[in-house]
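Student: Got a structure here, written out as structure tokens. Questions coming.
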Amino acid sequence: MSAFVTAGAVAGLYGTLWAYFVRLIAPQDFGFTTAIDGLVTAVVGGSTVFIGPVLGSGFLTMVPEVQRAAGIDAGWIRPFLASLLLLVVILFLPGGLASLIPRRVTMAASGEAHADSGHAGLAQRVHPVPGEPVITLRGVDKDYGGVHAVREVDLAVTGSEIVGLIGPNGAGKTTLVNMISGLVPATSGTIEVLGVQPGQTSVHRVAAAGVSRTFQHSKLFPRLSALDNALVGAHLVSRPTFIRRLLWLPSARRDEQQSLQHAARCLDRVGLAEKSAVTASALSYGDQRRLEIARALAADPSLLILDEPAAGMNHVEAQALSTLIASLADDGLTVLLIEHNVGMVMQTCSRIVVLNFGEVIAAGTPEEIADDPAVVEAYLGSAEDEEAR
Ligand code: ATP
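Counted the way our numbering counts, the sequence shown spans residues 315 to 703.
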């Protein structure tokens, strides 16, 4: 919205300056060609770099001069050339003429920001210590009309734990983490996460308290690079630079470099350092899931909620993910993991909670869960069911 408001103000300024230039304000002076000229100036030159609009306006001014010098008196040439160039630039050169000028690639933008630069950068949160409450649920229910998605769930997760949430399809796992991250309110019961009450507190405050998550279906920005996707996650911990950028204050550039290095470190943490310049849509499915984790880590969370992060990964990728999750817990993060890959959950989690039809049917260490008859029945069906079939 800030970008739209600022662009609107600049367009308004353009109109005002034009009025000063022509001296007499008449409707025909604000016709279609004038509006297109403004667009050509920005788009053909390149709207993302300072020199771009200068090149664009230089081009527009040059065409009639070249025409005059060549003795061609055809009024249609300038609008024709401008429209043609506009089309060509939009289709083949989205960065405009300015993108043809080689630019110094910053260290962070090239993905070579050093992860070990020695200072903590933007990651400065103090995580709950083992034993300190992170998630406390008491008697939590969620009803959708007649569907009881979650019933009477009690759950306590403490610092540095890796808790697995498993259960058959439709067991209520996603609904439960949606309530924990504040996306949907509970029908009844109390939820406390990192000192806030999700459902009663707005989602951005829950995130600011240190809750980050990934989603079952990846929600990346497909046309942005991996680095930019991770940078989006740093929004909460980086200092806003928009106003300072407009005022050309050098501190804005320094802060942006710091955010870029932070994002690059997050990519490095998940093993995507070499792919920071690759657009998200060009990454493999497994890499996209890891990129989502990098973006979640960029918010410097204390609680990381992963919804089926290994879906679509082969066993080598799943193994690497398991190692990554364990190392995050070593760094002090608490992880809540929903996963259908039971082998991976057993290997990664310190504790497992099993849901079925919205209820907790078992909770305990991976060994306890593996031997629990209620869990075996929920996953495989009972012997009587088998006989009845
Ligand atoms: P899966 O492993 O397939 O993702 P899940 O354990 O995450 O399943 P949920 O997605 O939480 O299960 O769904 C639990 C139940 O709640 C299902 O019966 C589902 O149809 C229902 N449900 C979930 N979200 C909604 C909604 N927005 N409106 C109505 N019913 C819903």
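Virtual Cβ for every residue (Gly too), placed ideally from N, Cα, C.
Because the structure is a prediction, the values reported are computed rather than measured.
Sorted by chain position, which residues of the same chain lie with C-beta nearer than 7 Å to aspartate 601's C-beta, five sequence neighbours on each side aside?
Tutor: The residues are Leu586 and Lys589.
Student: Do the region 505–517 and the region 594–608 make contact, defined as three or more Cβ pairs closer than 8 Å?
Tutor: Touching, no.
Student: For valine 402 and tryptophan 390, what's the separation of their Cα atoms in angstroms?
Tutor: The straight-line gap from Cα to Cα measures roughly 18 Å.
Student: Measuring only from the beta carbon, is lysine 533 closer than 7 Å to any heavy atom that is part of the ligand ATP?
Tutor: No - the ligand ATP has no heavy atom lying nearer than 7 Å to the Cβ of lysine 533.
Student: Taking only three categories from DSSP, how would you classify arginine 527?
Tutor: If DSSP states are grouped into helix, strand and coil, arginine 527 belongs with the strands.
Student: For the alpha helix (DSSP H) holding valine 415, just list the boundary residues, first then last.
Tutor: Going by the sequence as given, residue 415 is isoleucine instead of valine. From DSSP, isoleucine 415 is part of no alpha helix (DSSP H); its letter is neither H nor E.
Student: Rounded to the nearest angstrom, how far is the Cβ of alanine 610 from that of arginine 527, given a contact under 8 Å?
Tutor: Contact flag correct, Cβ pair sits at about 6 Å.
Student: Would you list, in sequence order, the uninterrupted beta strand (DSSP E) runs of no fewer than 3 residues that lie entirely inside the region 467–550?
Tutor: The qualifying runs are 476–480, 502–507 and 525–527.
Student: Residues in its own chain within less than 7 Å of serine 539 by CB, not counting five upstream and five downstream?
Tutor: For serine 539, where only same-chain residues beyond five positions count, the Cβ hits under 7 Å are Ser590, Ala591, Val592 and Thr593.
Student: In whole angstroms, what separates the C-alpha of phenylalanine 671 from that of proline 680?
Tutor: C-alpha separation (whole angstroms): 21 Å.
Student: By Cβ distance below 8 Å, which residues in the same chain neighbour valine 491 in space, the five residues on each side in sequence not counted?
Tutor: Here the set comprises Leu479, Arg527, Ile619, Asp621, Leu650 and Ile652.
Student: Find the nearest neighbour of serine 532 within the set Met376, Gly646 and Pro623, judged by alpha-carbon distance.
Tutor: Cα-wise, what sits closest to serine 532 is Pro623.
Student: Could you tell me which residues DSSP pairs with glycine 678 in its beta bridges?
Tutor: In the DSSP output, where bridge partners are listed per residue, glycine 678 has Ile666.
Student: Alpha carbon to alpha carbon, what distance is there between alanine 578 and glutamine 572?
Tutor: C-alpha separation (whole angstroms): 10 Å.
Student: To which residues does DSSP link tyrosine 458 through a beta bridge?
Tutor: Answer is Val461.
Student: Taking all protein chains shown into account, do 16 or more other C-beta atoms lie within 10 angstroms of the C-beta of glutamine 575, making it buried, or fewer, making it exposed?
Tutor: When all chains shown are included, glutamine 575 counts as buried.
Student: From valine 461 to aspartate 455, what does the alpha carbon distance come to, in whole angstroms?
Tutor: Each residue's alpha carbon lies about 11 Å from the other.
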